[in-house]
Amino acid sequence: MSLTGDVPFSEFLAPGQDAAGVVRVPPPAYARRPNFSFSLSSITNGSRNIQLSPQTEFDATELAQSSSLDYAQARAVVDSLTQSFALIQGPPGTGKSYTGIALIKVLLDNRTAANLGPIVCVCYTNHALDQLLEHLVDAGISQVIRVGSRSKSEVLKPLLLREVAMKLERTKTEKRVFWDIGKQLERDEREIEQLITALGNADSWQSRRLLHLHWTNLLREKIQRKLVHALHEYNDRRAQQDLNRLELNLRCLQEAHIIGITTSGLARNLDILRRVRAKVMVCEEAGEVMESHTLTAMLPSVEHAILIGDHEQLRPQIQRYDLGREHPRGEQYSLDVSLFERLRRMHPMISQLVRDTLYPALHDAPSTTEYPMVPGMKDRLFWFDHREHEAGSDQPRDVTSTSRTNDFEVEMTVGLVSHLMKQGIYHAEDIAVLTPYLGQLHKLRARLGAMWELVINDRDLDELEKAGIATEQVCKTTALQALKVATIDNFQGEEAKVVIISLVRSNEMNNCGFLKTSNRINVLLSRAQHGMFIIGNSKTAGSVEMWQDVLDILRAGGNIGTSFELQCPRHPPCPEAKFCQVCAADKIKDQQVDFIEMLTYKEVDLNEDPCLFPPCGHIMTMANMDGHMDMNKHYVTAPDGTFVGLKPAPLFSSDELKACPTCRGALRSISRYGRVVRRALLDESTKKFIVWSQNEYLRLQTQFQDAHSELNNTADAVVVNTVAPVALTIAGSPYVLFDYIKDTAAALNLTGRYKALFALRTQLLAHVNKVQHEEQPFRKVHDFCQDARRRRGHDDIASAFALSPEVLQTGAHLLASALLLRCDLALIADLVAIWRNKLPAKLRGGNCTLHFSSIRNRCLALLQDADAAHSPAQKVEALLFHAQSNAIQRLPFAGATATPAATTMQSQQLREEALSHIATARAICTLHPSSTSGLDDEADTLEKMLRQESTFFAVVTSEERRAVLAAMAAEFRGTGHWYYCANGHPFTVGECGMPMQLAVCPQCGAAAGGQGHVPAEGVTRAEDLERELGELRL
């Protein structure tokens, strides 16, 4: 680095072997000109103009007395302006960002005199960059440009580079070039479309006389050459247009005063940023930026670099722990050590926690003592101590997920946030909820998101997505318009008036996890201004030395206990102002809460008859609400009224989806009624799942029938147009096997023939994933319960826990899996037959490798699932698919006269095995004729092909089976009525809608249908499902 001279400050970043001792950092090159001095008027009070000469000594006291900066901040400004490479370090809350804004103001004020050009402001995260640029805009700085598309700030939206470039007037040359290229691109696009159309028309001639085949090939080759040439020209002109747009962006950046960009964005845009020739680079939160990222930001033109951060806070995040400083083997790499490493914010009571442990020389600003108390709370600083264990706390280390959760702390956090918000003093943007673990963040977000708008920064969102945790769309907003919920690692540099912390870890091993490092503890304890409330197990946390010091400080001040002490702002004895029976508003006190005795809220005795407070605000006594929810229907009740057991939940209890009797508001947030409400919600979700999955299956099935029919109808007309040998390899996992299919099809020039089936297979694969058992509503709940029991070590309970037989189990996954297998076999059969029968023998040779183990494993899995679900139709399909795979594997050697003995024996074994599967399938069809209608014809066709030793094989769907599927679609969307069999599986009766014929359920074999308009025993009308279908307007 020091030899190439491409990176500035190489004498500091990569010193030679001769460098030793203290190195003096000179002023920036632009500031060494004779008689140059910085004007500090932009940050001084009044009209006083202080000049700072980089070549002479300067007393920072003068600047502190004439500005809003304190002495330490003023000294940081002076040192940074007089050194070409400057680091500003300070504890949390000491005003590093405020000092950075002052520095940028001074640099911009001297921009013309120093010929600085734009100032490049760099941050590691988009969230931190948005915050910095918002502060600059709020400070009155203009001509700010934000590079990148991942900004979530409405304030910065008009300052995005693409927005600014759209408004910039183009030069005459740029307009002409843009116009010429645009018109030429339009002509190119039309030409390409015409060539593609001509190419398609050439394909259509293949169904004519064989004489036209030769002409068709010549025409295709000519059109293909033209198409390739047109595409090359189109891509070249597109590149010219991008270059023209790049020049426009360059002009925007050169005219800007501030260029804001992330480190990764800077790396992607190095070419254009090098041409900007910026002389000043400011890096915010430099302590969490990897050294390699910082070096990338050192553009060759930079003469002045200012890094702002705190190495005592979070280090850079790396993907591999064994390359970090804390790992025994990773110290030699130390990739998590930033280049930066080689409390004005807090009330004194809060800052004491970091002052006494990490920053003994830190002094509190006098203004912090004037911060108000936290309304509704007796103490502004408190540790809520508990012994409720985290999820999986009794499992051995590294057995459970690394992302921990603690449900008790989630509920306590939600309750505390709700209490603080009800005081009417703080708004949502004034409160931050922090936790060290992504799993806890997800749970907090789910609970809090139902009540308030949330802000979750981009790094937390990215990590939630990487962890496979579904996230909803987050609206763009400034960082100060909603409740902040974040992990500790991603909240560095931010603050809030009140901070609530969920530590999560609580276990018998006293394992504190990664909260044992002082860097994270420092960040965690230094985010609050007015108040901070910690929820955690002091015994677990106390195993870490710094945590023990913090706990000692809290115990000395009486700020730790097992319950929060609340305080009404107007009446200290009251627990909460809004619902205080003494000081609440009249509309609250006069609200009728007992509909039996007709009592108002102020008249009831809360000790005798407690009240519930739904989110809608309509208060009810617990006894009234229990009656409204019909709790006796769901719980076994003791004589004293307490619940002592569960009653089986009614099947499809949509009529039990209770709501607030006054306004019909949701009651799902009231834990007491969670089981009743959530069971009804699960029923609703399951019915919607049935309707959607069946519709989607029928759509895909219809598409497959059409594409497959087209394949069979055009098989004779296929001509293989290739002169090169083509190997046939179909083996490996489903993904590898499909790649082989596509490669072979391309080699035989058959990609167009399989285009529809290739696209359909992609849709089928996505559908299979969406309807798998794990995605069904009841199955998700089942798996969550199993996982919770397993984490708690209750293996005996986990093994016995199963879904109730009354719960509806749909066959959507079986249908989808069977259709995907049918599609794959259709592709393989057609491809193998064409290779065997259409490709000349000299081009085939012995290049044939067929291994269908993955196909057969899928057949066996389908067979097992169908057997467990009592679905005879899919059992028959699985057996026939297995037989079909055997038949296809025999196809390359069928009819051969010189087949080796070993191959002949293998072929015979495949044939016998296939015939055995067909016989088993026939037996099932005989036992279940109604549910397997049409499949026996498929078995007949398959057996005939095997016994005749045919050299051509195709997957066949019988006409009867097609008619059955068409009837399913018609009945599903048409007239008639829906019913449930005795086991809860749905079926439909067409025409008049009343049962006239006895049948069996296709899924479980139970009685279905009826006689004389009377349903069979156990059959019930599915009015709820009909209502769902009606609402969906199928």
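Reading the sequence shown from the start, the letters are residues 10 to 1043 in this note's numbering.
Just so you know, even glycine gets a beta-carbon here, dropped at the ideal spot from N, CA and C.
For the alpha helix (DSSP H) assignment, the uninterrupted runs of no fewer than 4 residues enclosed by the region 742-798 are, from N- to C-terminal side, 743-756 and 764-780. In this structure, ILE543 sits near LEU512, with a CB-CB distance shorter than 8 Å. Annotated as distal: SER412 and LEU443, with beta-carbon spacing of 8 Å or more.
DSSP places CYS868 in no beta strand (DSSP E) but in the uninterrupted alpha helix (DSSP H) bounded by 862-877. Distances from the alpha-carbon of THR272 to those of ARG155, LEU177 and LEU457 put ARG155 closest. Membership of LEU390 in the beta strand (DSSP E) is indicated by the continuous run 390-394. In this structure, the alpha-carbon of VAL164 lies about 16 Å from that of GLU438.
In the DSSP secondary-structure assignment, VAL289 is bridged to ILE128 and HIS313. DSSP, reduced to helix, strand and coil, places MET382 outside both helices and strands of the structure shown, so it counts as coil.
Boundaries for GLN432: no beta strand (DSSP E) harbours it, and the DSSP string shows neither H nor E there. Distance from LEU859 to GLN898 at the Cβ level is roughly 5 Å; contact confirmed, criterion being Cβ atoms closer than 8 Å. Around the beta carbon of PHE393, 16 or more other beta carbons lie within 10 angstroms, which makes this residue buried. The way I'd put it, the region 79-90 does touch the region 100-114; three or more beta-carbon pairs between them come closer than 8 Å.
A direct Cα-to-Cα measurement between LEU457 and LYS789 gives close to 22 Å.
Residues of the same chain with a CB within less than 7 Å of the CB of GLN772, apart from the 5 flanking positions on each side, are LEU709 in chain order. If you draw a 10 Å sphere on the C-beta of THR134, you find 16 or more other C-beta atoms in it, and that means buried. Only buried fits ARG762, as 16 or more other CB atoms lie within 10 angstroms of its CB.
The beta-carbon distance between MET299 and PHE18, rounded to whole angstroms, is 17 Å. This is too long to meet the 8 Å contact definition. Between the region 412-429 and the region 590-609, the count of Cβ pairs shorter than 8 Å is below three; the stretches do not touch. ILE864 is positioned such that its CB atom lies no closer than 8 Å to that of VAL727. Here HIS144 carries a helix assignment [DSSP, helix/strand/coil]. Close CB contacts of PRO35 within its chain, under the 8 Å cut and outside five residues either way in sequence, are with ARG41, GLN92 and SER93 (chain order). Residue pairing by DSSP leaves MET555 without any beta bridge partner.
In this structure, the straight-line span from the alpha carbon of ALA930 to that of GLU947 is close to 10 Å. Restricting attention to ILE190, PHE652, SER862 and GLU264, the CA atom closest to the CA of ASP245 is found in ILE190.
Rounded to whole angstroms, the separation of the alpha carbons of ALA838 and ARG845 is 10 Å. Linking PHE604 to ALA689 through their CA atoms gives a straight-line distance of about 25 Å. For LEU919, the CB contacts under 8 Å within the same chain, skipping 5 residues up- and downstream, are ASN895, ALA896, GLN898 and ARG899 in chain order. Boundaries around CYS832 are those of the alpha helix (DSSP H), 821-846, since no beta strand (DSSP E) includes it.
Each residue's CA atom was taken as its position, placing SER46 and GLY149 some 24 Å apart. Here HIS776 is buried, its C-beta having at least 16 other C-beta atoms within 10 Å. The three-state secondary structure of LYS667, taken from DSSP, is coil. Beta-bridge pairing by DSSP links GLY1019 to PRO1024. Of VAL732, MET634, ILE268 and THR695, the smallest CA-CA separation from PRO670 is found for MET634.
Here the alpha carbon of THR496 sits roughly 55 Å from the alpha carbon of LEU720.
Counting along the chain, LEU96 sits inside the beta strand (DSSP E) bounded by residues 94-98.
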